[in-house]
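In this note's numbering, the protein residues as written are 15 to 899. Heads up, the beta-carbon is just placed ideally off N, CA and C, and yes, glycines get one too.
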Amino acid sequence: MQKFSAKSAKEQDEQRMKWLTWLVALAVTLLLTLHTLPYLVRDQLVIWFYQQGIERAALKSIEVDWLSGRLRVNELALHSNGQLPLELEQLAVDLDYRALLEQRLQLQDLSVRGLSGGVRLSDEAVFVGPLQLPAAGNEEMDSEPAESGNWQFGLDQLALSNIDWRTEWQQQQYRLQLDQAGVQRLYQWRPGDITQLNLTGALNGAPFSLRSDSRPLQADRASELELKLQRFPLQSVAALLGQPLSGELSSDLKVALNWANEQGRLESSGWLQLDGLDWRDGDAMHLQTGQLRWDGELAMQFRQQLPAQLTVAGQLGLKEAQVALAEPQLAVNLAQSGWQGQAAVGFVDGGLDTLRVEQRLNLQGLKLQQAALQLVLKELSSDGVLNQQAGALQMQLTQIDAAGLDSHIEQYPLAAFDTLALRQLQWRDAGDLTIDRLSADQLKLARAKGAPLSQWQRVQLDKLALSPQQLQLQTITLAGGRSLLRLGPNGELPDIEQLQQQLAKLTPAGSGNAQPAAGSDSAEPPPFIIKLDKLTLASPHGLQLEDQSHEPPFELTTELQTLEVGPYLSQPSGKNVPTKLQLRAAIAPFAKLALDGELDLNSRRDGRWQLQLNGLELPPLSPYSIQYTGYYLQSGQFRLEADGELKGGQLSGQNKLGLFKLEVDPVAPDQVAQFSQRLSVPLETAIMVLEDNDQNIELELPVSGSLDDPNFGYQSVINKLAGKGLKSAALSYLTKALQPYGTLISLAQTAIEASEKGAFISLQPVQFAPGQLQPAGDMDGYLAKIGEMMNERKAMRLTLCGRTVPADRPPLRELLQQENAKREQPLDEAALARELNRRMQQLAQQRSEVIKRALSKQVAAERLFLCYPKVETEAERQPRVELAL
15 MQKFSAKSAK
25 EQDEQRMKWL
35 TWLVALAVTL
45 LLTLHTLPYL
55 VRDQLVIWFY
65 QQGIERAALK
75 SIEVDWLSGR
85 LRVNELALHS
95 NGQLPLELEQ
105 LAVDLDYRAL
115 LEQRLQLQDL
125 SVRGLSGGVR
135 LSDEAVFVGP
145 LQLPAAGNEE
155 MDSEPAESGN
165 WQFGLDQLAL
175 SNIDWRTEWQ
185 QQQYRLQLDQ
195 AGVQRLYQWR
205 PGDITQLNLT
215 GALNGAPFSL
225 RSDSRPLQAD
235 RASELELKLQ
245 RFPLQSVAAL
255 LGQPLSGELS
265 SDLKVALNWA
275 NEQGRLESSG
285 WLQLDGLDWR
295 DGDAMHLQTG
305 QLRWDGELAM
315 QFRQQLPAQL
325 TVAGQLGLKE
335 AQVALAEPQL
345 AVNLAQSGWQ
355 GQAAVGFVDG
365 GLDTLRVEQR
375 LNLQGLKLQQ
385 AALQLVLKEL
395 SSDGVLNQQA
405 GALQMQLTQI
415 DAAGLDSHIE
425 QYPLAAFDTL
435 ALRQLQWRDA
445 GDLTIDRLSA
455 DQLKLARAKG
465 APLSQWQRVQ
475 LDKLALSPQQ
485 LQLQTITLAG
495 GRSLLRLGPN
505 GELPDIEQLQ
515 QQLAKLTPAG
525 SGNAQPAAGS
535 DSAEPPPFII
545 KLDKLTLASP
555 HGLQLEDQSH
565 EPPFELTTEL
575 QTLEVGPYLS
585 QPSGKNVPTK
595 LQLRAAIAPF
605 AKLALDGELD
615 LNSRRDGRWQ
625 LQLNGLELPP
635 LSPYSIQYTG
645 YYLQSGQFRL
655 EADGELKGGQ
665 LSGQNKLGLF
675 KLEVDPVAPD
685 QVAQFSQRLS
695 VPLETAIMVL
705 EDNDQNIELE
715 LPVSGSLDDP
725 NFGYQSVINK
735 LAGKGLKSAA
745 LSYLTKALQP
755 YGTLISLAQT
765 AIEASEKGAF
775 ISLQPVQFAP
785 GQLQPAGDMD
795 GYLAKIGEMM
805 NERKAMRLTL
815 CGRTVPADRP
825 PLRELLQQEN
835 AKREQPLDEA
845 ALARELNRRM
855 QQLAQQRSEV
865 IKRALSKQVA
875 AERLFLCYPK
885 VETEAERQPR
895 VELAL
């Protein structure tokens, strides 16, 4: 038994040694395998690289610390001609073995240093460095994701340094350079830990830094991010947009996101800046900016994964902006603009619900060109609020101020002002607009003779309300300035026509009034209503009139001193309200004009007026008097007092005219003849009759007519005043002055009749008995009246024309026969007949001399003229001396 026991113990020892030997051999084999495995893997990788077509491949070493779980890959370099390189200085991975026992893959440290290379993407292949990745197969992917079991991933620290990575795609190159990059604390089993991300480097040559604190694995996500970017070139990403784009982007932003249960809030603050932006949308648009900068805060709230509310507050600045549009043809240049304010936007189901913007806007150096129109605005600023609620948009601006407007159509100046101010503007998308006050200073309109056609020191509109149906204005106030009105050689308005021609250039060709389509509703829209309470002139306004249609040309300077017009309503609902008018003006420069009245501007058939014009110098009006009368006005002043009424289209009025120191000179015979025909007397004769000893003419002339008469107009009124008025005034004066002897006063109706009579105005003749030299009856009283009249009218001249008639022959023949009987040698019948004719002529002459001698007792003889005596043959004529003016 002892022997057997000893043998058994010996066998057991041998068995133990055998197992120990095997264990040692296994351990040595394992250690040798683990030691040589990195080298084998390194060599196999290099061989594999060459098998993939890499022309030059090198891998210095792979180091594995099996006890600590540390792996190092050192100095990998892959190169092929025509491809991007792939170089890695070192890759280090530290694995926590203990975490494996808990089914956790935890990397304590993952670091990459000195990585250089890139990705080249094309439709045919994908290259990572020089290594071509296998093409994706067409096999159906398993719709069920692979199960990962209960394993979880975690990372203590990721560190990247000296990274230079390129991406080439669609002829675009993108380059990412990382000086330092790190990720800390990312664990699936601890989603509430804060994961930190830090990046510093350059993107496409633009330095940037990124820092983030977040909980990316937590169901309720939260993150904070800070991004700084310097001058990122936008042209490097132009291919992504598919349109030409250049410029540089810089930013310093802070972004925070909190998300839980499909609700969240996104906040951002800081600034974002674009420099040298240049963007084209084909040929449709070209946008260029010197600088575009946003500096402010933004907050967005989400509900049910949809936007619920957006708030923005900050400043937006723009410098040196240029926009060009092809259709419509438009070019806009802006030197500088600034927006400052805050906005709140509400959403319902992802759609816009409410909007409120409180803002201040400032523009400087605005230039706009559209076709022929050119507009330059020095500065524009506004303060106000924009609201949208329940689908209704409303804008309220407390003020809009503009300065330095200058607009042209090609080289033609259209409008300009120094300053423009709007106060309390409200606009609704229904088309309603209200403005508490709109004013413009130094307003200039159009052009005439190298100067503005009309310019005003100030134009002001108060309480303006505009809707699609009507325009209401409380007051329009005009102040100062001057305007020019020119008439061309043919009576045209060259400056107005030029303005119309220039404005026509702004209307596109073929954009005339569109004709309604066949079968369309042709009902006319309701009339547009205009309501104005009052238009007033606050300070004098000069008005220059130049008329080239006369020779010599006519010029008149007028100063409007006072003007008030109103109220006016274009479509009154009840009884028409007449529009009152008050005007005060100074004319060239001593005449004064005053006009007061009212007129129904809708019917234009009812009104009344009172007009006073004093001290109007007549010589400047000679161009008109020559055209219409043929007379040049050597001197004189004019006064007019007119009271008129228009009732139901019937005009009636009374005019008191005064002409002082009037002297005329006929210079156009044809016009003189025509005017004398209308007047029935020469103008000189009418002046002679009407002018008193102080060379004054006072007339009261009524005027009447119907607007329904097609021949009635201002020219017909003038003709009545000049023709019938003067003629009636002359006859009226003569009749009163010679009462009771003025019943036979007559006017020649034609120039031929006047030539036959020797005068245009014939007074009652002085009658004679046949063959007598002294007047018949009581003519002394009549001659005395004539003397008194001529003394009242020192300019009056009287022509005396003796007349003998057949009734004078018998007495003269009887007297002649008596004388012939006493002659020693009587005359024969023929000689008697000749002597009788001479006696008839002599008697007519003597009768004229008798009357002149009688009148000379009261009137200077040089004012009494004898005409050639005349022997008449008409049997019914009476012996007489005709008196003519």
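Identify whether D614 lies in helix, strand or coil by the three-state DSSP scheme.
coil
Measure the Cβ-Cβ separation of H555 and G495 and say whether it is below 7 angstroms.
yes
Just curious, the alpha helix (DSSP H) that Q516 is in, first and last residue?
P508 to A518
So, at 6 angstroms on beta carbons, what are the nonlocal neighbours of E281 in its own chain, with the 5 sequence-adjacent residues on each side left out?
A270 and A313
How should W62 be labelled, buried or exposed, when 16 other C-beta atoms within 10 angstroms of its C-beta is the threshold for buried?
exposed
By how many angstroms is the C-alpha of Q651 removed from the C-alpha of L632?
L632 and Q651: Cα-Cα distance of roughly 5 angstroms.
Pick helix, strand or coil for A404, following the three-state DSSP scheme.
coil
Taking only the alpha-carbon atoms, compute the straight-line gap between Y64 and G143 and give it to the nearest angstrom.
14 angstroms
Which of the three DSSP states, helix, strand or coil, is assigned to W36?
Helix.
Given that a residue counts as buried once 16 or more other Cβ atoms are within 10 Å of its Cβ, and exposed if not, what is T209?
buried
Let me check one thing: in DSSP terms, what residues is D108 bridge-paired to?
By DSSP's assignment, D108 forms a beta bridge with R84 and D123.
Using the three-state DSSP reduction, which class does V591 fall into: helix, strand or coil?
coil
Return the chain-ordered list of same chain residues with a C-beta closer than 6 angstroms to the C-beta of R189, the five sequence neighbours on each side being excluded.
R180 and N218
Starting from the C-beta of I423, find all residues in its chain whose C-beta is less than 8 angstroms away, skip the five residues before and the five after it, and write them out in chain order.
Result list for I423: A386, L387, Q388, Q516, L517, K519 and L520, in chain order.
Using three-state DSSP, classify D137 as helix, strand or coil.
Coil.
Which same chain residues end up closer than 6 angstroms to Q544 when comparing Cβ atoms and leaving out the 5 residues on each side of it in sequence?
For the sequence presented, residue 544 should be read as Ile rather than Gln. Closer than 6 angstroms at the Cβ level, and outside the excluded window around I544, lie L485 and S584.
Where does the unbroken beta strand (DSSP E) through A313 begin, and where does it stop?
M299 to R317
For L549, which residues in the same chain have their Cβ closer than 6 angstroms to its Cβ, ignoring the five residues on either side in sequence?
I490, V579 and G580
From L615 to L492, what does the alpha carbon distance come to, in whole angstroms?
21 angstroms
Hey, could you find the ends of the alpha helix (DSSP H) E7 is sitting in?
Nothing can be reported for residue 7, as the shown portion of the chain is limited to 15 through 899.
Short of 7 angstroms in beta carbon distance, which residues of its chain neighbour A790, apart from the five on each side in sequence? Order them along the chain.
Q781, F782 and A783
Within a Cβ cutoff of 8 angstroms, which residues of the same chain sit near Q104, ignoring the five residues on either side of it in sequence?
R86, V87, N88, E89, S125, V126, R127 and G128
Could you check what DSSP says for G663 in three-state terms: helix, strand or coil?
coil
If the criterion is Cβ atoms closer than 7 angstroms, does the pair V346 and L382 meet it?
yes
For a quick check, are the C-beta atoms of L301 and G261 less than 7 angstroms apart?
no
Can you give the Cα-Cα distance for G196 and E138, rounded to whole angstroms?
If I take the Cα positions, the gap works out to 34 angstroms.
Taking just the CA atoms, how far does R807 sit from P893?
28 angstroms
For G900, count neighbouring Cβ atoms within 10 angstroms of its own Cβ and tell me buried if that reaches 16, exposed if not.
Outside the displayed range of the chain (15 to 899) lies residue 900, so it cannot be described from this structure.
Helix, strand or coil: which one does DSSP assign to L846?
helix
Quick check on the DSSP output: the beta strand (DSSP E) that includes I544 runs from which residue to which?
I543 to S553
Throw me the rounded Cβ distance for the T818 and A858 pair, which I believe falls under 8 angstroms.
5 angstroms
Between the Cα of T788 and those of T813, L841, M810 and S862, spot the shortest distance and give me the residue it belongs to.
It should be noted that the sequence gives Gln, not Thr, for residue 788. Q788 has its Cα closest to that of S862, out of T813, L841, M810 and S862.
Please confirm if L135 has its CB atom under 7 angstroms from at least one CB of chain C.
Checking the listed chains, one finds no chain C in this structure; it contains a single protein chain.
At what residues does the beta strand (DSSP E) containing P321 begin and finish?
P321 -> beta strand (DSSP E) spans L320 to L339.
What span of residues does the alpha helix (DSSP H) with I640 cover, start to end?
S636 to Y642 is the span of the alpha helix (DSSP H), which, as asked, contains I640.
Compute the Euclidean distance between the alpha carbons of L239 and S223, then round it to the nearest angstrom.
10 angstroms
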